[in-house]
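**Student:**
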Amino acid sequence: MINVRELQEVVSLMNESGIQKLHIEHEGTKVVIDKAGIPLEDTAVTEVKTDEVKAAATEQAPQDSMSVNAADNNEKQILSPMVGTFYAKPEADADPFVQVGQTIEHKDVVCVIEAMKLFNEVDAGMEGEVLEILVKDGDVVEFGQPLFTVKSR
Amino acid sequence: MSMRVSKAGLLTSIQDLGRRGFQQHGVIVSGAMDSYSLRIANLLVGNDEKEAGLEVTLMGPTLEIESDCLVAITGGDLAPSVNGKLVPMWKPLFIPKGSTLSFGPCKTGCRSYLSVAGGFAINEVLNSKSTYLRGEIGGYKGRALQTDDVLPLSVPAVSKPAFLSNELINGVYTSSWSVNYKELVHFTKKPGVRVINGSQYDLFTAESKSHFTKEPFKVSNQSDRMGYRMDGPSLQLQEKKELLSEAVSKGSVQVPPDGNPIILLADRQTTGGYPKIAQVITADLPLLAQVKPGESIYFSHISLHEAEKIYLEKEQMLQELKIAVNLASTK
Chain U
1 MINVRELQEV
11 VSLMNESGIQ
21 KLHIEHEGTK
31 VVIDKAGIPL
41 EDTAVTEVKT
51 DEVKAAATEQ
61 APQDSMSVNA
71 ADNNEKQILS
81 PMVGTFYAKP
91 EADADPFVQV
101 GQTIEHKDVV
111 CVIEAMKLFN
121 EVDAGMEGEV
131 LEILVKDGDV
141 VEFGQPLFTV
151 KSR
Chain X
1 MSMRVSKAGL
11 LTSIQDLGRR
21 GFQQHGVIVS
31 GAMDSYSLRI
41 ANLLVGNDEK
51 EAGLEVTLMG
61 PTLEIESDCL
71 VAITGGDLAP
81 SVNGKLVPMW
91 KPLFIPKGST
101 LSFGPCKTGC
111 RSYLSVAGGF
121 AINEVLNSKS
131 TYLRGEIGGY
141 KGRALQTDDV
151 LPLSVPAVSK
161 PAFLSNELIN
171 GVYTSSWSVN
181 YKELVHFTKK
191 PGVRVINGSQ
201 YDLFTAESKS
211 HFTKEPFKVS
221 NQSDRMGYRM
231 DGPSLQLQEK
241 KELLSEAVSK
251 GSVQVPPDGN
261 PIILLADRQT
271 TGGYPKIAQV
281 ITADLPLLAQ
291 VKPGESIYFS
301 HISLHEAEKI
311 YLEKEQMLQE
321 LKIAVNLAST
331 K
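Chains as they are written, first to last, in UniProt numbering: chain U, 1 to 153; chain X, 1 to 331.
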């Protein structure tokens, strides 16, 4: 006997995969599910939902950079992992950690965020090209605030 | 275990925060010239703030690291390197056994501080590990380090703390955070050094008082841990006066008959008979310790009340830093 929970799983699998008709036979029980006659959901809506789920599920470990998909699938943002003051350069008169147009790797330090007199290095957490630096030296940033837009590889 | 000195450097000595409680017996205080940098170095390796470290002056030593150790390097940027590669300052560094720690050209400041977790196993003399060079007491055999000296470490073996990186970067394992030292230690050209009026300020001429805070004073080559002799406008008393010797402190600005002020520092004598025009505020002594002979400073007046306020602000910053470092090192 296929129980209710198994049936629910089958139905949701069907929805995710876009299968229109499913015929299962299992231990003497036969189930036929046919979606004909039910209006299809708008494809765009489904895709947006998937993106939302992905974004909400992004786990942040302390000090790890966070990312979220921006409107364009290729563009990602590096988010602030903490509250503090953003600094683009290691020293006042030094070169910035990254510049617009620069290619960055996963472990590259893109900026430091200062809190309680400690500079905390923020890793890129992704690979790609820096498209935009969204904050400036000395700005106070919030947890999760977008810092960089990166064209991800 | 130990660190072995393979090259001594210009003037490297063991200093803590000073030999206190015995000035009444004529015992010199000594201690780190830049106390903030030493304290921060100690915080970074989990030591008591007062623990002794190495004070490195202008040209640093080469040290053979004979056992794994956790160190921190603060103060002026004397280009510290491990196995020839520059390592970062103002953060904890775990250096593996067999490494060579050396220093290069002086980029900023004058004095750098090296702390090691657990401190050096040096006997105290009158409650302090500081070296008083002139009296040949304290520290490592009462003197600056020389080639082949072996510095024993109090903690024989240290394992790599979990919060440090898993990969060697330029020969060391380090943290992803570092200290923002800028409000505590400065490395600016021609810095302003704040003072309050000295005990004999009123004995000086109006012109001298005016010059004192308007003109730059250059640190002469006759400057050392005992004091900085300053070159600048001559400071004169209104009338010749003989004074009884009285106590002096770190930062007392006394004026001998030649009119060139001397800022008394870590290895100063306990009393002095020259008139004191000013007293450098405690919070600006570290800044002064990072000014080299040949460089100039400006004096500026503030009130005792303001000086105390600034002192307390700096102490609060150090406490905040201590908490932050503790939090950041418990991952």
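Positions of the beta carbon are idealized from the N, C-alpha and C atoms, including for glycine.
Taking C-beta pairs closer than 7 Å, name the residues in chain U that A162 of chain X reaches, listed in chain order.
**Tutor:** Residues of chain U passing the Cβ test: none, with the nearest at roughly 13 Å.
**Student:** Report yes if the C-beta distance between L237 of chain X and L203 of chain X is below 7 Å; otherwise report no.
**Tutor:** Taking 7 Å as the Cβ cut-off, L237 of chain X and L203 of chain X qualify as a contacting pair.
**Student:** Could you confirm whether any beta carbon from chain X is found closer than 7 Å to the beta carbon of M82 of chain U?
**Tutor:** False, the Cβ-Cβ gap to chain X never drops below 7 Å.
**Student:** Just how far apart, CA to CA, sit Q24 of chain X and A94 of chain U?
**Tutor:** Going by the C-alpha atoms only, they are around 48 Å apart.
**Student:** So, at 8 Å on beta carbons, what are the nonlocal neighbours of F84 of chain U in its own chain, with the 5 sequence-adjacent residues on each side left out?
**Tutor:** Checking the displayed sequence, the identity of residue 84 of chain U turns out to be Gly instead of Phe. Taken in chain order, the residues that qualify are I113, E114, A115, N120, V140 and V141.
**Student:** Tell me which same chain residues have a C-beta within less than 8 Å of the C-beta of S176 of chain X, skipping the five on either side of it?
**Tutor:** S165.
**Student:** Taking C-beta pairs closer than 7 Å, name the residues in chain X that K117 of chain U reaches, listed in chain order.
**Tutor:** Within 7 Å Cβ-Cβ: V179, N180, M317, E320, L321 and A324.
**Student:** For a cutoff of 7 Å on Cβ pairs, would you count A266 of chain X as touching chain U?
**Tutor:** A266 of chain X does not count as touching chain U.
**Student:** Taking the alpha helix (DSSP H) that M14 of chain U belongs to, which residues open and close that run?
**Tutor:** Segment V4 to S17, the alpha helix (DSSP H) holding M14 of chain U.
**Student:** Based on the DSSP output, what are the partners of S102 of chain X in its beta bridges?
**Tutor:** BP columns for S102 of chain X point to X:S81.
**Student:** Looking at the secondary structure, which residues open and close the beta strand (DSSP E) in which Y298 of chain X lies?
**Tutor:** Unbroken beta strand (DSSP E) run through Y298 of chain X: S296 to H301.
**Student:** Taking 7 Å as the CB-CB cut-off, is E127 of chain U touching chain A?
**Tutor:** Note that chain A does not occur in the displayed structure, where the protein chains are U and X.
**Student:** Does any residue of chain X have a CB that is nearer than 7 Å to the CB of E114 of chain U?
**Tutor:** Closer than 7 Å: yes.
**Student:** Rounding to the nearest angstrom, what Cα-Cα distance links E127 of chain U and E167 of chain X in this structure?
**Tutor:** Their backbone Cα atoms lie some 20 Å apart in a straight line.
**Student:** What separation, rounded to the nearest whole angstrom, lies between the Cα atoms of L133 of chain X and R19 of chain X?
**Tutor:** Rounded to the nearest angstrom, the two C-alpha atoms are 13 Å apart.
**Student:** Going by beta carbon distance, what residues of the same chain come within less than 7 Å of L10 of chain X, once the five residues before and after it are set aside?
**Tutor:** Contacts found: T57, L58 and M59.
**Student:** Once DSSP output is grouped into helix, strand and coil, what is the label at Y173 of chain X?
**Tutor:** Three-state result, Y173 of chain X: strand.
**Student:** Between the alpha carbons of A44 of chain U and K151 of chain U, how many angstroms are there, rounded?
**Tutor:** Residue confidence is low: A44 of chain U scores 40 on pLDDT, short of 50, so the model does not pin down where it sits. No coordinate-derived value is stated.
**Student:** Mind listing the chain X neighbours of E27 of chain U? Cutoff is C-beta to C-beta under 9 Å, in chain order.
**Tutor:** The premise fails here: E27 of chain U is roughly 51 Å from chain X at the closest Cβ pair, so nothing lies under 9 Å.
**Student:** Buried or exposed: K107 of chain X, going by 16 or more other Cβ atoms within 10 Å of its Cβ?
**Tutor:** Exposed: under 16 other Cβ atoms inside 10 Å.
**Student:** Looking at R268 of chain X and M226 of chain X, is the spacing between their C-beta atoms short of 7 Å?
**Tutor:** Cβ distance < 7 Å, so M226 of chain X and R268 of chain X count as in contact.
**Student:** Given a threshold of 16 other Cβ atoms within 10 Å of its Cβ, counted over all protein chains shown, does L114 of chain X qualify as buried or as exposed?
**Tutor:** Looking at its Cβ environment, which holds 16 or more other Cβ atoms inside 10 Å, L114 of chain X is buried.
**Student:** Along the chain, where does the alpha helix (DSSP H) that runs through A328 of chain X open and close?
**Tutor:** Looking at the DSSP string, the run of the alpha helix (DSSP H) that includes A328 of chain X is L304 to A328.
**Student:** If I follow the unbroken beta strand (DSSP E) through R229 of chain X, where does it start and stop?
**Tutor:** G227 to D231 is the span of the beta strand (DSSP E), which, as asked, contains R229 of chain X.
**Student:** Going straight from the alpha carbon of K322 of chain X to that of Q222 of chain X, what length do you get?
**Tutor:** Taking the straight line from one Cα to the other gives about 37 Å.
**Student:** Thinking C-alpha only, which one of X:A32, X:G135, X:L151 and X:A283 is nearest G75 of chain X?
**Tutor:** Comparing Cα-Cα distances from G75 of chain X to each of X:A32, X:G135, X:L151 and X:A283, the minimum goes to X:A32.
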